[in-house]
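All remarks here apply to the structure that follows.
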Amino acid sequence: MVVQKVKGTEDLLADDARAWQYVSQKAYETFGRYGYEPIETPLFEQIDLFVRGIGESTDVVGKEMFHVLASDAYRRLGEGAAPDARHHLALRPEGTASVVRAAIEHNLVPTGGAPAKLAYAGPMFRAERPQKGRLREFHQIGVECLGADEPSADAEVIIMLMRFYEELGVPRESMRLLVNSMGDDRCRPAYRASVRRYILDHADEMCEECRHRADINPLRAYDCKNERCRKVMEGAPRISDALCDDCRSHYRAVTSYLDAAGIVYEEDPRLVRGLDYYTRTVFEVQVVDGMGSQNAIGGGGRYDKLMELMGGSPTPGLGFAIGYERTLLALAAVDVKLPLERPLGCYVAAAEPEVAPQVFAILQALRDAGVDADGDHQARSLKSQLKLAGKRGVAVAVVVGPDELVAGQVVVRDMRTHEQRNVVVAQVPEVVRAML
Ligand code: AMP
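Going by my numbering, the residue at position 113 of the sequence shown is 1329; the numbering climbs one at a time, nothing skipped.
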C-alpha cells in the first residue's frame, strides 16, 4: 500500500508552492518597510515553552499540541518512564512563544534599547479536526514588536497588517477589522471573575464546555460557536466597562492613531483572543463573505507580561499572526489571483539524438547567462519536444540540428510570433535574452 499524506496536511505543488513563496516574500517586503527583520526559529521546542508561554488552559496547548519524542525517549515511554522536561518536545503551534524565547536567549531587547521588530513566516502544527480552512499543518506569517508599550506601536502594527492584506489584493471592503482592549493584570482579574460569575449564574443555559471554561478560562466562552451560549454571552459583562484608567486611555490613544491614519475598524467588546498571554489591545481581521465560520484571516494583540512569564526581564510586546491558507481562501472568495505566472524562458530541442552534447552545452550557457532554460533527457522526437515546449508556455525555442551545426548555427524560434532565424551558437544566450 502506498503511504499517503497525513490528514490535515497538504503538499504544495508548483503554483501552490510559488504562492507561498510569493505571499511570504511580500510579507517580508511590506514589514521590512516598517523596520522588521526576518527571524527563523526551530519547528520544535521544549513543550514547556508552549505550556508556559501560551497557557495550559488554552485549547492550543491542552488539546491540540503534537508531542515530539526522540526515539530513545519514545522507547522509554513504552517502558513506562515519562520523558524529562528537556526531552519532551512539541511541534510549534504558533510563532510568538518561540520568537520571544529567541529574543530572551539572544538578548535582542537590551534594557533601554530600541524595540526588536521581528517577522517570521512558516508552518505551524495543531491537532485540530481538519475542515475547510482548518489544517493540522498550516502556515502563519507574523510579527512581534518587543520593547514598546506606547499606543503608537499598536496602531503601527495594525496599520501594517491591513496594508499587507491590501497589497496582496484583498479588497478593503471585504475585510472587517475588529479591535478591543482586554485590560491588564490590574483590571482583568476582576473582570474575569465577573464573567465567571455570570456563566455560573447561567450555567443551565450553556453547553458543558462553557461551564467547564468558567473555572479555567471564562473569557473563552465568548468564542463558543453554540448558538445558545452566544445568546447568553451577549448579556455578559463587557470589558469596556471594566477597564482601569490606564488601559482605557491606552486603548483610546490606539484608536485615535487609527482614526488619524484613516483606518476603518469596529470596536468589539466581545473580542477576546484565545491565548492567555494577551493584555490590552487585541485585534482580528475577518472576511465578510464566503468563508463560513473559519473567517478569521489573522489577528493579534499586546502581551506585556509574556517576556517576564518566560523568564526574561519585564518587556512589553505585541504582534500578530496571519493565517496563510485562510488568506488564500479569502482571495479566492473575491476572485483575486496572485500574479504567479512564470513561464519558462527557453526550451532547447535536439533535432536528432546525436546533437545531445551540443544541446547540453547550449543549455548550460543559457542558464549561466541567467535565462530559465530546459531541454530533453529522454531522446524524444523533435515534434514531441516542441509540443512539450508549447505546453510549458516557453517564449523561445532553440532547435539544434546537425545541418545548421555544420555552419556553427542553430535555429532560434519565437514561440509567440513563430518567426525564426539562424543564430551562431556562441551568440544564442545574448539573442535569447534580448527576446525575453
Ligand atoms: P491564532 O494563532 O489562533 O490566533 O491564529 C492566527 C490565524 O492563524 C487565524 O486567524 C487563522 O487564520 C490561522 N489559523 C489558526 N489555526 C489554523 C488552522 N488549524 N488551520 C489553518 N489556519 C489556522
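Glycine residues also receive a C-beta, built at the ideal position from the N, C-alpha and C atoms.
Ser1465 and Thr1471 have their alpha carbons spaced roughly 10 Å apart.
Assigned with DSSP and collapsed to three states, Thr1312 falls in helix. Counting only the Cα atoms, Arg1558 lies some 47 Å from Ala1437. For Arg1637, the enclosing beta strand (DSSP E) starts and ends at Gln1636 to Val1640.
Within the chosen limit of 6 Å, ligand 1 reaches the beta carbon of Ala1512 through at least one heavy atom. Between the alpha carbons of Gln1237 and Gln1356 lies a gap of roughly 12 Å. Taking the Cα positions, Met1449 is about 17 Å away from Glu1483. Non-local beta-carbon contacts of Arg1632 in its own chain, meaning distances under 7 Å to residues more than five positions away in sequence, involve Ala1611 in chain order. Exposure of Leu1229 is indicated by the presence of fewer than 16 other C-beta atoms within 10 angstroms of its C-beta.
DSSP, read as helix, strand or coil, puts Asp1462 in helix.
Note that the C-beta distance between Leu1554 and Ala1235 is below 7 Å.
Taking C-beta separations shorter than 7 Å and ignoring five residues to either side along the sequence, the partners of Pro1434 in its chain run Arg1408, Val1411, Arg1412 and Ile1415, following chain order. Arg1444 is the residue among Ala1406, Pro1405 and Arg1444 whose C-alpha sits nearest the C-alpha of Glu1424. Considering only Gln1220, Glu1310 and Ser1273, the residue with the shortest C-alpha distance to Phe1536 is Glu1310. Closer than 6 Å to some heavy atom of ligand 1: that does not describe the Cβ of Ala1337. Ala1335 is bridged by DSSP to Pro1254 and Val1359. Non-local beta-carbon contacts of His1303 in its own chain, meaning distances under 6 Å to residues more than five positions away in sequence, involve Ala1289 in chain order. For Gln1574, DSSP assigns no beta-bridge partner whatsoever. For Leu1384, the secondary structure class from DSSP, reduced to helix, strand or coil, is helix. Residue pairing by DSSP places Glu1482 opposite Leu1394 in a beta bridge.
For Cys1445, the uninterrupted alpha helix (DSSP H) segment begins and ends at Glu1443 to Glu1450. For Leu1259, the distance from the CB to the nearest heavy atom of ligand 1 is not below 6 Å. Per the coordinates, the alpha-carbon of Asp1264 lies some 12 Å from the alpha-carbon of Gly1527.
In this structure Val1325 does not touch Thr1257 by the C-beta definition: roughly 16 Å separates them, more than the 8 Å allowed.
Not one heavy atom of ligand 1 lies closer than 6 Å to the C-beta of Gln1502. Taking the Cβ of Arg1632 as the reference point, every heavy atom of ligand 1 lies at 6 Å or farther away.
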